[in-house]
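Below is one structure, written out as structure tokens; comments come after it.
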Amino acid sequence: MTRHSLVLKVNGESHALQVEPHRSLLDVLREELGLTGTKKGCDAGDCGACTVLLDGAPVNACLVLAVQADGREVSTIEGVARDGQLHPLQEAFIEHGAAQCGFCTPGILMNSIALLRETPSPTRTEIQEALSGNLCRCTGYVQIIEAIESVAGAGK
Amino acid sequence: MTHESIIGKGVQRVDARGKVTGQTKYAGDMQMPGMHHGKIVFSPHPRARVLEIDCRAAQAMPGVKTVITARDLPGTNRYGYDVAHRPVLIPEGEETRYIGDAVAMVVAASAELASRAAAAVVVRYEVLPALTSPRQAMAAGAYQLHAEAAGNRCCTREFVLGDVAAAFGKAEVVVEHTYFTPRQEQAFLETEAGLAYQDDAGVLHVISSLQDPYGVADDIHLALAIPKSRIHVKGTIVGGGFGGKLNTTIQVHLAAMTCLAKVPVMLVLSREESFVFHPKRHPTEIRLKLGAGRDGTLHALEGEVIADAGPYSGRSPEVLGLTMSALLGPYLIPNVATRAEAIYTNNLDSGAFRGFGAPQAAIARECLLDKLARALAMDPLSLRRKNFIAPGARPTSTMLGDSPVSLELLTERIVEHMGPRPSAPANSSKRIGRAICFDMPVFDVGAIPVLGKSGVGATVEVHSDGGVSVYAGGTELGQGITTILAQMAAEQFALPLERIRVEMSDSWTSPRAGRTSASRLTYGLGNALLLATGRVRKTLLARAGQMLEVAADDLLFEDAEIRIKGVPAKALAFADLAQVCWDRGDQLREEGWFRSAEDRYMYGHTFMAAAADVAVDTATGEIEILKLANVLDMGRVLNPVMAYGQLYGGAIQSLGYGLMENMVTVDGLQKTPSFAEYAIPTALDIPQQFLAEGVETPYPTGPYGAKGIGEAALNCTTPTLLNAIADALGVEINAIPFAQEHVLAAVREQNPTSV
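Each protein sequence line maps, in turn, to chains A and B.
Residue 211 is where the first sequence starts when you use this note's numbering, and the numbers rise one by one after that.
Residue 3 is where the second sequence starts when you use this note's numbering, and the numbers rise one by one after that.
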């Protein structure tokens, strides 16, 4: 199959790649760029573990073709902390025990970052709705919601 | 110790930073030079004779390293937990037993190439009629899945106490009901994954998401005839287990791939493959009968459990054992006759899942108690309180019975949490229901004599700079065991948590520890660790005593120092003392070895209460959980943030079991292949008010008084919700999941002329 040339800008860094058109953004991030923080939970858009931001909007990377992200800004979990400084949401997740096995955590964090940018003071229901596409099997969601509320309350 | 600074605190998990930054490597994140990818070819038929496997087209594809069938395998081609009857690959001429049986495997340069090649393997089958229910499999003339299991009986358990016939004869009220529980999928977010390679000495290394590195090593040895001392198994940080990764999953297949292809191989199951492959919660049919006096005193319990074992054994005996004891629960019932059977079928496989048979039994027991309460026109809480087990009673022969009975305390707490019963909104189709249930969860404190395995070890090492390492054989599944062990070590040496490093789940470098299941690690590893730290403390105190010219008894560990009691100014920094010990050749690495009180299969037990208020809309069928409360006696709450995380997580998994989850097969074929069909709770499904509390009645032999709690969190919520819904609607519930359509069906049945 012919490969397409594209430029993926991930966490502010540009990468020139040659990929087959059917490859998903998820697979290209993980396999070509070695950014394994974004997880594959179902590869079918059902679980949200692969959530990344595409031009700031949360998407399931398994449902985006890499070629669709050509020239656009992709944000993954690896780009959230800056110079070793954790994002307030990351601090809150640690404080509130929001990560148990941690597999859903990168996807939920990316989604939460987008949520708080869009809606700085969400209600509990708005948080639940925003997270409804991110499955978590360990936590029962309570401490995740509490972590997000703690940051939202602080107006960050 | 003069103060307890870390035990009981909600300190940050030691693995949290890696998880929130995406730095933590899970099994599927690993990379290795020369790494290839594996893919398994599964049978599309639950039962079929494999006539011919044609690999030529697959083998010829570019990038394919090798295609493997049974004839290429060394060894016995058989492995398994309690019965080694599970084939790695079904050979030509033999039959498949379920759609998770493998017939071939591919190793290729990329995952995609491996998938394409797997699809190009041509297999001819003779499709045969499958057994798709326990009753069908038990019937006369049914074919036998296993030569050694007549009537497809995997295992049977019986329990008899007193004289049920006489007791039922005298009982003034008798109630009976049959309950059906479905197949529940663990649905961990990380599917089965692993990397295997042989090093330059030909030693096999398997690095994988698992719950028992020792069991995996045994199975690889058994199936592939590789000497045990040349198999190294390392468990990675696991993205969820819940028992689904307790038995060997893909590791034997992976080992075979690397040994035959002679390259490192990565294997990751897709979600669809995962939904088919690993064992799930046993579906059950439970018929239960209770006889009581008119005053509510329970006289007799009689019952029968039929469980669908699926195609292979793997934990069914243990599951049945726990089902049996959970049929009794925390109640005093003097006459009992119960029987449980697990039956082989060609459905999906059944095995370990958090609770291990207790959740099924809890549903039958607690729902029947509410039915009895209705028959007696008695308050369900009063009925239960009247029959609470007495302090000091030893519930069954497998329980130590050494836990104080905290049921009255739990009752007090749960009643306070719930407050007055809410009233239904006026002029509404909504009905309010309430229920309170109790449970007696168990946790493993003993040996596994059935497999000749006994004892748990843990090693602690103080480094020359005063840093500490802990080596332990359990696996971090997300339950937080790594942090619990770090807290205990930090406590013992009075060091900050950051000075402790924990390394887990290595079949060679971790002391033997057994499996990560049965809520056993805090108890077993914790006790082993305290023995180890005890030895190192003694060495440190002896050297410090010498340096400070006092007796070791006059010293204590405090704030990263060793101080003279009553003279805090005279102290040694822990780091300085460690360096001296190191230089003087003192032994600072010790292993603790813990054996349980009785060297047989034993459980400690604890107590739990759950309560719920629901609003059920008789017009739409919607079920709203207004309030859910869980109170669990934890012995000692070692880390409240993590402990509450267990309660919330377990309750939601239990909610899913009761209200929405059902892994459906028809004729042995998967009908719920993805998360789109198999619904698990989302953030929208949590109760409006969700209260969790851990109470503490210290467990005499538990480390710091702690009990095992991981599974307890799941047992109680399902029957509580079902009873609350039954209370709201005034109906009997027979089967779960009980969802919107079932509410409407029940309403229609009550009012045939309306709706």
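Ideal Cβ positions, reconstructed from N, Cα and C, are used throughout, including at glycine.
When DSSP reads this structure, D635 (chain B) sits in a beta bridge with B:V697. L224 (chain B) is positioned such that its CB atom lies no closer than 9 Å to that of I209 (chain B). Annotated as proximal: T620 (chain B) and L731 (chain B), with beta-carbon spacing under 9 Å. The Cβ-Cβ distance between L630 (chain B) and Q672 (chain B) does not fall below 9 Å. Within chain A, the residues placing a beta-carbon under 7 Å from that of S272 (chain B) are D253, ordered along the chain. In the DSSP assignment, C346 (chain A) falls outside any alpha helix (DSSP H) and carries neither an H nor an E. A653 (chain B): member of the alpha helix (DSSP H) spanning 642-661, first to last residue. C311 (chain A) and D17 (chain B) have their C-alpha atoms spaced approximately 9 Å apart. Secondary structure note for P215 (chain B): it is in no beta strand (DSSP E), and the uninterrupted alpha helix (DSSP H) holding it is 215-226. Below 8 Å, too few C-beta pairs join the region 477-495 of chain B and the region 323-331 of chain B to call them touching: fewer than three.
R99 (chain B) is classed as buried because its beta carbon has at least 16 other beta carbons within 10 Å across all chains shown. By the CB criterion at 9 Å, G421 (chain B) and V616 (chain B) fall outside the cutoff. At least one CB of chain A lies nearer than 9 Å to the CB of R19 (chain B). Residue pairing for H39 (chain B): DSSP places it in a beta bridge opposite B:A110, B:M268.
Nearest C-alpha to M211 (chain A) among B:A203, B:L53, B:L115: B:L115. At a cut-off of 9 Å between C-beta atoms, P721 (chain B) does not count as an interface residue with respect to chain A. Put simply, the backbone Cα of N349 (chain B) is about 7 Å away from that of T667 (chain B). Proximity of chain B to A309 (chain A) at the Cβ level (cut-off 9 Å) is accounted for by R15, D17, A18, K21, V22, G480, in chain order.
For a cut-off of 8 Å, the C-beta gap from L345 (chain A) to C272 (chain A) is around 13 Å, too long to register as a contact. According to the DSSP assignment, K67 (chain B) belongs to no alpha helix (DSSP H) but to the beta strand (DSSP E) extending over 66-70. Within the region 675-705 of chain B, the residues whose Cβ lies closer than 9 Å to any Cβ of chain A are, in chain order, S676, F677, A678, I682, P683, T684, A685, L686, D687, I688, F692, A694.
Note on geometry: alpha-carbon atoms of P46 (chain B) and Y145 (chain B) lie some 20 Å from one another. For A342 (chain B), the uninterrupted beta strand (DSSP E) run begins and ends at 337-346, by DSSP.
For F740 (chain B), the closest alpha carbon among the candidates B:T684, B:E698, B:A708, B:S656 is that of B:S656.
Contact holds between the region 412-421 of chain B and the region 631-649 of chain B, because three or more Cβ pairs, one in each stretch, are under 8 Å apart. Chain order gives the chain A residues near V240 (chain B) as C311, where near means a beta carbon separation below 8 Å.
I337 (chain A) sits in a helix when the DSSP states are folded into three classes. Against chain B, the beta carbon of L216 (chain A) has no neighbour under 7 Å; the closest one sits roughly 18 Å away. The DSSP-derived three-state label of T183 (chain B) is strand. Where V749 (chain B) is concerned, the enclosing alpha helix (DSSP H) starts and stops at 742-752.
Around the beta carbon of G316 (chain B), 16 or more other beta carbons lie within 10 angstroms, which makes this residue buried. The region 503-531 of chain B is shown to contain no whole alpha helix (DSSP H) run of 4 or more residues. Note on D372 (chain B): 16 or more other CB atoms within 10 angstroms of its CB, so buried under the neighbour-count rule. A direct Cα-to-Cα measurement between G307 (chain A) and A379 (chain B) gives close to 44 Å. Measuring C-alpha to C-alpha distances from C252 (chain A) to each of A:Q338, A:L236, A:V284 identifies A:L236 as the nearest. For a Cβ distance threshold of 9 Å, residue set R347, C348, G350 of chain A lies close to Q655 (chain B), ordered along the chain.
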